[in-house]
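Have a look at the structure below, then the notes.
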Amino acid sequence: MRPIEIAFAYHQPEIALYLSEHKKFKGYLDLFFAGPSLAARLTIALDNIDINYHTVLKLIQNLLKNEKIPTQPPEDTACLLLALLRKNEKKLCSDFLKTQPAEEVLRQIFQNVISAEYHVSRQNEKIKDAKRDLLLIYQAVPQDAQASFF
Amino acid sequence: MKTRLRPPHPINPEQVKYFFFGNDPRGLVDFVKSKQNDLTPSEFTLLAEDAFLRGCSYGGMNFVKELLRDPVVLNNVSPCPLTTKK
């Protein structure tokens, strides 16, 4: 494992953030993010009350700013994008989408949400959540891609 | 029969963990540096890398900053260790 991955695996996002800004390490951010588990961990960290939310946001910003983030696997990047949408981090979502094949990632989210809605169709609250997510996704799609996507 | 002057792995990397127990980042840096002349370059890199990765995992920010502040340690840690180099 690489240092930034280790820091994150051991619940040390501040150290991961520090490394992401260190001159020796920042050129390797694309590789740090290559593992599917880090995207998943970032998603979980956004909702973990024991981890400073703004630290996680700053780390994601650094990851986006310094290197091109690998687009695979789309399930993990889709989950991270959806988590950011739910947090109303529109600017970060927009920056994120610029580094990803928007259509592929959004399609993945769309499928996840539809699937969730199908499985919980008898739970009104969940349907509300799913509809809200769909609206957020729609708002996040670049206008020129909306026609082909929906 | 020749007598081996020193064993192939004179430092057990596990030794570095005792500095974490004592919350002594400067002591860890000094310990790592003090072994530079006793180890081969590859062994020394292994020791520095081990200390650094332990710092990243459970040492805390003070350990990471102190280790990276020292040029000897900094030059011997890799952002992409083992077989994952660019």
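Protein chains in written order, with this note's numbering: chain A, 1 to 150; chain B, 1001 to 1086. Cβ atoms here follow ideal geometry from the backbone N, Cα and C, with glycine treated the same way. If you're wondering where the values come from, they're calculated on a predicted model, not measured in any experiment.
Could you check where the alpha helix (DSSP H) with residue i kicks off and where it finishes?
i, result
"B/Tyr-1018", "1017-1021"
"B/Asp-1050", "1041-1054"
"A/Tyr-18", "13-21"
"B/Asn-1075", "1071-1076"
"A/Glu-75", "74-86"
"B/Asp-1030", "1025-1034"
"A/Pro-3", "3-9"
"A/Asp-95", "90-98"
From the options, pick the residue whose C-alpha is nearest to that of residue i; which is it?
i, options, result
"A/Ile-49", "A/Glu-89, A/Pro-13 and A/Lys-65", "A/Pro-13"
"A/Leu-85", "A/His-11, A/His-22, A/Thr-43 and A/Glu-5", "A/Thr-43"
"B/Phe-1020", "B/Gln-1036, B/Lys-1035 and B/Ala-1051", "B/Ala-1051"
"B/Asp-1070", "B/Ser-1057, B/Ser-1042, B/Leu-1028 and B/Lys-1017", "B/Leu-1028"
"A/Asp-47", "A/Lys-65, A/Lys-26 and A/Leu-82", "A/Leu-82"
"A/His-11", "B/Tyr-1058, B/Gln-1036 and B/Ser-1034", "B/Tyr-1058"
"A/Val-26", "A/Ala-45, A/Ser-94, A/Leu-64 and A/Leu-92", "Residue 26 of chain A is actually Lys in this sequence, not Val. Nearest option by C-alpha distance: A/Leu-64."
Determine the direct distance from the alpha carbon of residue j to that of residue i, and round the result to whole angstroms.
i, j, result
"A/Tyr-18", "A/Phe-96", "21 Å"
"B/Asp-1038", "B/Leu-1067", "20 Å"
"B/Val-1032", "A/Lys-24", "20 Å"
"A/Glu-21", "B/Asn-1076", "19 Å"
"A/Thr-77", "A/Val-56", "15 Å"
"A/Glu-75", "A/Ala-7", "23 Å"
"B/Arg-1026", "A/Ala-9", "25 Å"
"B/Cys-1080", "B/Leu-1047", "16 Å"
"B/Leu-1074", "A/Ile-60", "25 Å"
"A/Asn-62", "B/Thr-1040", "37 Å"
"A/Ala-40", "A/Leu-80", "7 Å"
"A/Ile-4", "B/Phe-1044", "22 Å"
"B/Arg-1054", "A/Lys-87", "33 Å"
"B/Ser-1078", "A/Lys-58", "23 Å"
"B/Phe-1063", "A/Ile-51", "19 Å"
"B/Ser-1042", "A/Glu-89", "45 Å"
"B/Cys-1056", "A/Ile-15", "7 Å"
"B/Gln-1015", "A/Lys-98", "46 Å"
"B/Lys-1017", "A/Ala-45", "27 Å"
"A/Lys-91", "B/Gly-1060", "31 Å"
"B/Asp-1024", "A/Ser-94", "43 Å"
"B/Lys-1035", "B/Lys-1065", "20 Å"
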